[in-house]
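Below you'll find the structure, written out as structure tokens, and then a few comments.
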Amino acid sequence: MNYPEDYRYTKQHEWVHVAGSTATVGITDHAQQELGDIVYVDLPKPGTKVEKGKSFGSVESVKAVSDIYAPISGEVLEMNEGLATAPEKLNEDPHKSAWLIKLKLDGNADFSHLLSAADYQMYIGTES
Amino acid sequence: MTQNARQHLTRNEELIFERSSPGKNGYQLPELDVPEIDPARALGEERVRGGIEGFPEVSEVEVIRHFTRLSTWNYAIDLGLYPLGSCTMKYNPRINEAVARYDGLAWAHPYQPQELSQGAMEVIARLEDALCEISGLDAITLQPAAGAHGELTGILLVRAFHQARGNPRKHILVPDSAHGTNPATAGIAGYEVRNLKSNDQGMIDLEELAHAVNEDTAALMVTNPNTLGVFEENIAKAADILHAKGAMVYMDGANMNALVGIARPGDFGVDVMHINLHKTFSTPHGGGGPGGGPVAVRSHLAPYLPIPRLRRAGDKLEWSSDFPESIGRVRAFYGNFGVLVRALAYILAHGGPDLRNATVDAVLNANYIRHRLRPYFDLPYDRPNMHEVVFSDARQAAKGVRTGEIAKRLIDYGYHPYTVSFPLIVHGALMIEPTETESKLELDGFIDAMIAIAHEVENEPQTVLKAPHRTRVSRVDEVTAARRPVVRWTPEANIAPQTTAADLVGAANVQRPE
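Protein sequence lines correspond, in order, to chains H and P.
Residue numbering for the first sequence follows my numbering, starting at 10 and increasing by one per position.
Residue numbering for the second sequence follows my numbering, starting at 71 and increasing by one per position.
This is how it looks when you write it as structure tokens:
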């Protein structure tokens, strides 16, 4: 699967895409492959403040429950409601339609700790 | 060569609901000898229901046969090796059961006056003493009902200790190899969980630890031997690092079967630990329990132990609740007393030297398995292990066969699977714990089955990928079961297939366990 160039990635396998002051956050294709069939997604409600590096929700597969960590701080604008009834979308289209949350960023968001698509793919290459 | 579970003529058992026929029953009630009360008037119309849709109506013999047949489908420690890593599925000696059935113990009532309960209290006192001696700790509570309950009790003691010094502190350190209950416990006790990355040997990294510990650290929760079955050689140094900052060391006693009679946690710096009676001390395990999760502490944590506590007054025993700093009760009465009796029976039947021998045999058995299986399975942390051994499926994964498939194939060979995909720091883990109760003959049978499966993976992987073949039900659709669970049978048997786990959570308004 394609890792979009204009996304940034974390070593905990989240991606973030920033457009203006809004960031969309999801988990990577590598993450969904490792988790296997996803059966439940737990996400924060709009208005919740999430903090960079802290867990904001979890993804449950047949194998395990995994925390999802915020790549960046901000306030939740929207959660992907469709995942509640169709968690399998996370296995099918993790980089696009199965995004998890949209965040309103604080003014001066810091991206320096995040990986480029190329660096992330190199990272998962060495990890496995 | 493969063994086959013996099957009843009725190959598949219907649900009891499906055997129902209206008007049948298996009971007789005596005639009412008190005035009849109308429940609707007594409780209110809205609290009374006329019946339960689809409730099974069956005769006594149908009930007995249904559940007896189902029970024969089960796998149990009394049928064979149960190598479930981290669970210590050892044989439960019958002497435990004989002692637990003594009239004076079996019929003792918790409200019986203390002067008539001295024998039962003596059992508790002796078990307390024995477990303190084995753990090298100073005081103990036998109240917690199982391991996770013991963990929570232990961390609440840590919290009470820090609180009494003015500050409960903020976080608990948990290695990435830990049992999942450790972070859950810390969270429930109101602490932030901080993960501690293991070093390349799978052990606590002292540098990492020193970096992570500060004045906000309440405790480190550590399992020793760790979940790789390896003894944390630096545990005493780790304890020093914690203690220097006023933090405690909590030991998860799940793997105590590797230490009894050999090493005492109190001697290597542990402040508080739980002990799983249903693992190390051979009380019944599984089938829903009950278990036993005593918590032993160093003297500085003793004031906070749950009440009531047992104490000797002359030649009598008495319960005392005069411990103003206690965290209070964590369970009704005195813990699962029947379990405590069995654990003491096990300890006394062995005696000190043979408890030590049991530990030595448990370690020997696990190392024997490691030695014989290492030519066939990848060993990510290749070093002498304690009571269990963790392989990975790296070699088999190259053929598309993962640990879960190997486990399912093992069922065809007549063995309960090992622990699959844990600990998480080993990708595709096969975690095997034979315990000391298995003979070489039994171990060889298991090892031969594992080797046969390794050959199958090389030569005919499809056989493994589609296993099990010899069970009544092969692979169930666990994904749909989790995504769209149908949790109630109805005569139509087709209720709400669109119901999702999310709907159920919403409907029940409960928090999902994590």
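We treat Cβ as the ideally placed atom computed from N, Cα and C, and that holds for glycine.
Keep in mind that this is a model prediction, so the values were computed, not measured.
- A distance below 8 angstroms separates the beta carbons of alanine 107(H) and leucine 92(H).
- Contact annotation: glutamate 285(P) and glycine 236(P) have beta-carbon atoms that are not nearer than 8 angstroms.
- Residues of the region 59–78 of chain H with a C-beta less than 9 angstroms from any C-beta of chain P: Ser67, Glu69, Ser70, Val71, Lys72, Ala73, Val74 and Asp76, listed in chain order.
- Beta-bridge annotation (DSSP): lysine 111(H) is paired with Thr33(H) and Glu87(H).
- Nearest to alanine 415(P) by C-alpha distance, out of Pro105(P), Pro109(P), Glu83(P) and Glu192(P), is Glu192(P).
- Annotation note: the region 46–95 of chain H contains the following uninterrupted beta strand (DSSP E) runs of length 3 or greater, listed N- to C-terminal: 47–51, 64–70, 74–78 and 83–88.
- A contact is defined here as three or more CB-CB pairs under 8 angstroms, and the region 205–221 of chain P meets this definition with respect to the region 402–417 of chain P.
- Residues of the region 543–558 of chain P with a Cβ closer than 7 angstroms to any Cβ of chain H, in chain order: Glu548, Val549, Ala552 and Arg553.
- Nearest CB-CB separation between serine 491(P) and chain H: below the 8 angstroms threshold.
- Among the bridge pairs identified by DSSP, serine 390(P) is matched with Arg379(P).
- In the three-state reduction of the DSSP assignment, valine 342(P) falls in the strand class.
- Taking 9 angstroms as the upper bound on Cβ-Cβ separation, chain P lies near residues Leu92, Ala93, Thr94, Ala95, Pro96 and Glu97 of the region 83–110 of chain H.
- Annotation: tyrosine 320(P) is outside any alpha helix (DSSP H); the continuous beta strand (DSSP E) that includes it extends over 318–323.
- DSSP places proline 531(P) in the uninterrupted alpha helix (DSSP H) bounded by 531–535.
- In this structure the region 146–162 of chain P lies against the region 494–510 of chain P, because at least three pairs of beta carbons, one per stretch, are closer than 8 angstroms.
- Cα atoms of histidine 486(P) and isoleucine 147(P): separation of roughly 9 angstroms, rounded to the nearest angstrom.
- Only Asp46 from the region 16–47 of chain H bring a Cβ to less than 8 angstroms from some Cβ of chain P.
- Annotation for valine 411(P): the continuous alpha helix (DSSP H) segment containing it runs 407–443.
- Linking serine 125(H) to proline 378(P) through their CA atoms gives a straight-line distance of about 59 angstroms.
- Secondary-structure assignment with DSSP links arginine 17(H) through a beta bridge to Val25(H).
- Taking 8 angstroms as the cut-off, the Cβ atoms of leucine 123(H) and threonine 19(H) count as close.
- Non-local beta-carbon contacts of alanine 230(P) in its own chain, meaning distances under 6 angstroms to residues more than five positions away in sequence, involve Tyr374 and Ile397 in chain order.
- When Phe65(H), Val50(H) and Ala118(H) are compared, the shortest CA-CA separation from threonine 57(H) is found for Phe65(H).
- In this structure, the CA atom of alanine 190(P) is about 30 angstroms from the CA atom of glutamate 506(P).
- For proline 245(P), the uninterrupted beta strand (DSSP E) segment begins and ends at 241–245.
- As computed with DSSP, serine 268(P) is found in a beta bridge with Ile274(P).
- Inclusion of alanine 256(P) and isoleucine 242(P) in the CB contact set at 8 angstroms is warranted, their separation being smaller than that value.
- A residue is called buried once 16 or more other Cβ atoms fall within 10 Å of its Cβ, and alanine 127(H), having fewer, is exposed.
- Here isoleucine 122(P) is exposed: its Cβ has fewer than 16 other Cβ atoms, across all protein chains shown, within 10 Å.
- Considering only Ala306(P), Met326(P), Leu276(P) and Leu149(P), the residue with the shortest C-alpha distance to asparagine 296(P) is Met326(P).
- Excluding five sequence positions before and after lysine 478(P), the CB atoms of its chain that fall closer than 6 angstroms to its own CB belong to Ala537 and Pro538, given in chain order.
- The beta carbons of threonine 353(P) and aspartate 322(P) sit no closer together than 8 angstroms.
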